Amino acid sequence: MPVSNDPEMARIRGYLQAQAAKLSHVELAEKVRADMEQLRAAIEGVGDAAFGAIPAPDEWSPNEICAHLAYTSGNIAAGIRSVIDGGGQPEGIRDQMSATVVRHTGPEWWERMLREREELLAYVRTARGDEHLDVTWDHPMFGDLNWREWLLFLRIHDLDHARQLQAITAG
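Counting with our numbering, you get residues 2 to 172 for the letters of the sequence shown.
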């Protein structure tokens, strides 16, 4: 798929590619893990009442943001595992919000995301780091990324939605 012509998207894609090539897979995993702290703080900063509140039209509740994060992260993790395990071709993801009927508290969402992410990062740390880097799959804004770039994308995705949650609480 073509890469976005947006200069900011091109800058981010360049960052993903450069850092994924420069850092070891263990360093990438540590970078993703370290920056999850900002997401944890943002989730914890949302009060219980606001977490499940119905948002204004065209806006998303903190619950919906967390559902999106969990869903997207799970799909990316499955793709990364598929590639490392044998060079399987993952499907592209849709990085978009969608309404959900799943309801959790902030701490429940965080525990789920932390557990799943720690499993992925532990798995990545056991890899060689150079498995099937020729296998790429599509991101709707950044084009085709390999598994190391997708791993680092998780950091960008987490930080983006942490800022979104912080904006809601600053409201």
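Ideal Cβ placement from N, Cα and C applies to all residues, glycine included. Just so you know, these numbers come straight off a predicted model, no measurement behind them.
{"Item": "Leaving out five residues on either side along the sequence, give the residues of the same chain with a beta carbon under 6 Å from the beta carbon of residue 220.", "Value": "A query on residue 220 cannot be resolved here, the shown segment of the chain reaching from 2 to 172 and no further."}
{"Item": "Among 133, 126 and 63, whose alpha-carbon lies nearest the alpha-carbon of residue 108?", "Value": "63"}
{"Item": "Give the secondary structure of residue 138 by DSSP, where H, G and I count as helix, E and B as strand, and everything else as coil.", "Value": "strand"}
{"Item": "Can you tell me the Cα-Cα spacing of residue 153 and residue 147, whole angstroms?", "Value": "10 Å"}
{"Item": "On the DSSP letters alone, give me the boundaries of the beta strand (DSSP E) that residue 146 sits inside.", "Value": "144-146"}
{"Item": "Could you check whether residue 140 and residue 80 sit closer than 8 Å to each other, using their CB atoms as the reference points?", "Value": "no"}
{"Item": "Buried or exposed for residue 150, going by 16 or more other Cβ atoms inside 10 Å?", "Value": "buried"}
{"Item": "What are the uninterrupted segments assigned as alpha helix (DSSP H) that are 4 or more residues long and contained completely in the region 37-77, given in chain order?", "Value": "49-52"}
{"Item": "What separation, rounded to the nearest whole angstrom, lies between the Cα atoms of residue 50 and residue 118?", "Value": "26 Å"}
{"Item": "Can you have a look at residue 103 and say buried or exposed, based on whether 16 or more other CB atoms are within 10 angstroms of its CB?", "Value": "exposed"}
{"Item": "What do you get for residue 131, buried or exposed, if any count of 16 or more other CB atoms within 10 angstroms of its CB means buried?", "Value": "exposed"}
{"Item": "How long is the line joining the alpha carbons of residue 53 and residue 59, rounded to whole angstroms?", "Value": "16 Å"}
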